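Participant:
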Amino acid sequence: MSNPKIIAVFGATGAQGGGLARAILDDSDGGFAVRAITRDVDSDKAQALAELGAEVVAADVDDASSLRRALEGAYGAYFVTFFWAHFSPEKEKEEVRNMAAAAKAVDLRHAIWSTLEDTRLWVPLEDARMPTLMEHYKVPHFDAKGESDRIFTEMGVPTTFLLTSFYWDNLIHFGMGPRRESDGRLVFTLPMDDKKLPGIAAEDIGRCAYGIFKQGERYIGRRVGIAGEHLTGEQMAAALSDAFGEEVRYRTIPPDVYRGLGFPGADDLGNMFQFKRDFEADFCGARDPAVARALNPALKSFRKWLEINKDRIPRGG
Ligand SMILES: NC(=O)c1ccc[n+]([C@@H]2O[C@H](COP(=O)([O-])OP(=O)(O)OC[C@H]3O[C@@H](n4cnc5c(N)ncnc54)[C@H](OP(=O)(O)O)[C@@H]3O)[C@@H](O)[C@H]2O)c1
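And the structure:
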């Protein structure tokens with residue numbers, strides 16, 4: 001393929017960017033090439049991408065000067081920030097300013113920004129239904145992303161705003177899977193009552209992003225929400241039971257109890273689940289699985305994802 005369009009992929013060694021990098025690399029006649037951005041070009045993950053045909057380039061979202069070099073000559077870029085690496089919404093906003101400024105400087109043709117809602121538009125800071133965190137936020141890892149959308153617009157970067165969903169992979173990596181209780185039975189806990197949680201295989205986020213790049217300018221300036229499925233905790237527990245061949249019971253707990261669980265970020269995630277629970281219609285309505293499937297025909301259902309991943313989900317106490 002002559003002169004493929006280069007997509008600079010931030011987080012290419014991680015979940016979202018990794019899915020996009022692999023989607024492009026899997027489609028060798030698609031007209032796109034991957035520039036995988038990493039802080040360590042020698043890491044095993046970076047080298048694995050290089051072996052699959054990616055150009056691997058060093059940059060750090062906290063080093064503004066490295067970003068322009070990383071984007072030079074690229075047609076597009078996938079921008080994602082890494083909240084859980086530092087837990088700082090202020091830092092996340094600074095990273096977006098760096099990325100958008102670099103995109104503008106190189107006259108990038110199409111950016112995809114992996115964003116989430118600014119929940120303060122639904123729950124203002126003075127609203128006592130959930131605690132204000134870090135003085136300025138309700139759901140810090142959402143609000144900083146949503147607040148940053150306008151940075152791309154104000155800087156005149158041609159951007160698609162991609163609203164992502166809860167990764168089902170959190171059941172593997174984020175300690176959110178079922179726990180075995182003292183009576184030996186598995187319990188899956190979410191503070192969602194009977195409300196639906198939009199979820200997705202993390203890999204599919206990047207694969208949907210590839211679908212957006214392939215559509216070209218049609219998606220510039222638009223907000224696109226994606227999910228694999230919208231499922232209640234009961235439905236997720238039923239699918240887990242079938243996958244494990246062992247009953248998994250769903251238990252809902254109040255967001256306040258979740259906020260008090262004591263692990264880093266529990267208050268942020270407690271507020272996040274409360275937001276998703278209390279604004280179910282808006283939150284699910286913004287993430288249409290049919291849109292995601294049109295962008296990525298191989299989109300997985302939760303049951304399909306479980307078929308592949310069930311043995312990676314810890315089932316301990
Ligand atoms: N978990 C969920 O359910 C969920 C749902 C929606 C949205 N999100 C959001 O997803 C974001 C994280 O994306 P992800 O899950 O794809 O991340 P991830 O899997 O943790 O991957 C992050 C990758 O980005 C790279 N990276 C980290 N810090 C960097 C920096 N300063 N500069 C350049 N690269 C850096 C790292 O690569 P190197 O080490 O190779 O540099 C790492 O492999 C978070 O902001 C989170 O809020 C999460």
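Each residue of the sequence shown is one higher than the one before, starting from 1 at the first, in the UniProt record's numbering.
C-beta atoms are modelled at their ideal positions from N, C-alpha and C, and glycine is treated no differently.
Only a predicted model underlies this, so the values are computations on that prediction, with no experimental measurement involved.
Return the bridge partner residues of glutamate 229 from the DSSP annotation.
Facilitator: Gly199
Participant: Identify, in the order they occur along the chain, each residue of the same chain with its Cβ nearer than 7 Å to the Cβ of alanine 103, setting aside the five sequence neighbours on each side.
Facilitator: Leu71, Ala77, Ala111 and Val157
Participant: Return the chain-ordered list of same chain residues with a C-beta closer than 6 Å to the C-beta of leucine 125, the five sequence neighbours on each side being excluded.
Facilitator: Cβ neighbours of leucine 125 beyond the five flanking positions: Thr132.
Participant: Have a look at glycine 175 and tyrosine 167 and give me their C-alpha separation to the nearest angstrom.
Facilitator: 12 Å
Participant: Could you pull out every residue in the same chain whose Cβ sits closer than 7 Å to the Cβ of valine 80, ignoring the five residues on either side in sequence?
Facilitator: Phe10, Gly11, Gln16, Gly17 and Ser114
Participant: Which same chain residues end up closer than 8 Å to aspartate 40 when comparing Cβ atoms and leaving out the 5 residues on each side of it in sequence?
Facilitator: Ala46 and Ala58
Participant: My understanding is that isoleucine 6 touches glycine 53, with C-beta atoms under 8 Å, so please give their C-beta distance in whole angstroms.
Facilitator: About 12 Å separates the two Cβ atoms, so there is no contact after all.
Participant: Taking contact to mean at least 3 C-beta pairs separated by less than 8 Å, is the stretch 288-298 in contact with the stretch 205-221?
Facilitator: yes
Participant: Residues in its own chain within less than 8 Å of lysine 91 by CB, not counting five upstream and five downstream?
Facilitator: Asp62
Participant: Among Val106, Phe82 and Phe283, which residue has its Cα nearest to the Cα of arginine 69?
Facilitator: Val106
Participant: Run through DSSP, which three-state label would lysine 5 get?
Facilitator: Strand.
Participant: Sorry if obvious, but does the Cβ on histidine 230 come closer than 7 Å to a heavy atom of ligand 1?
Facilitator: no
Participant: Within the present structure, is the beta-carbon of lysine 45 separated from the nearest heavy atom of ligand 1 by less than 7 Å?
Facilitator: yes
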